[in-house]
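Take a look at the structure set out below.
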Amino acid sequence: MYGMVNKFISTTVINRYGEQAWNEIKQSLDDYESSFIEMQPYSDDVTFGLVGASITYLGVDLATFLRQMGEDWVKETSQGSYHSMYSLVSGGAFEFLSNLNSMHQVISAQLKELVPPSFLCEKNDDGSITIHYYSSREGLEPFVEGLLIGVCNYFEEPAAVTQVKTKDEDTPFSTFRINFM
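Residue numbering for the sequence shown follows the UniProt record's numbering, beginning at 1 and increasing consecutively.
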């Protein structure tokens, strides 16, 4: 993953658990790189190592932490470097989610080694949304759940997000459902 993701792990820890918690986590890592270059790719092992050290220190389960990261990712990116991409969308959460693949294509032009996920969004007759999430990486469904919650919150469309299917050998994608409140 890119350095921006590795840097963001510290953002989530600091925002939710405090600066002291992050300082202790990074001290526990023997080979911690103190500064990640946002646009440089790093091994996924580095990213997962940072997440593992964080959840061990914080005493939270992996799914909870990844969900928090997903929600926080939307808060931070919508106010920061990707604000313009959010502001281009006027049709709400469904329009934004329907354009994630296009957004990742634009970002991929700058980040040559990016291996983005893919999303297929369908609006259901009852107004809910079904999302099929494809990724070469395993176990990031809680992060995606947090992203989906964050997007709905950003567009002021409160919703409950449920993972209804996990990818397996027969189905190459995980499925989420967003029910608006």
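Think of the CB as a built atom: it goes at the ideal place given N, C-alpha and C, for glycine as much as any other residue.
Values in this document were obtained by computation on a predicted structure and should not be read as measured data.
Check: Please name the residue or residues paired with F65 in a DSSP beta bridge.; Outcome: Partner(s): none; F65 has no beta bridge.
Check: Give every residue of the same chain whose Cβ lies closer than 7 Å to the Cβ of V151, excluding the five residues on either side of it in the sequence, and list them in chain order.; Outcome: V74, A93, F96 and L97
Check: Tell me, which residues are paired with T56 by DSSP?; Outcome: Answer is none; T56 lacks a bridge partner.
Check: Hey, would you say the C-beta of G146 is under 8 Å away from at least one heavy atom of the ligand FAD?; Outcome: Absence of the ligand FAD from the depicted structure is noted, as is the absence of any ligand whatsoever, leaving it without description.
Check: What's the C-alpha gap between V20 and N101?; Outcome: As written in the sequence, residue 20 is Gln, which differs from the Val given in the question. Distance between the alpha carbons of Q20 and N101: 37 Å.
Check: Which of helix, strand or coil does DSSP assign to T171?; Outcome: coil
Check: Quick check: what's the CA-CA separation for I129 versus N153?; Outcome: 15 Å
Check: What would DSSP say about residue 256, mapped onto helix, strand or coil?; Outcome: Because residue 256 is not part of the residues shown, which for the chain are 1 to 181, the question remains open.
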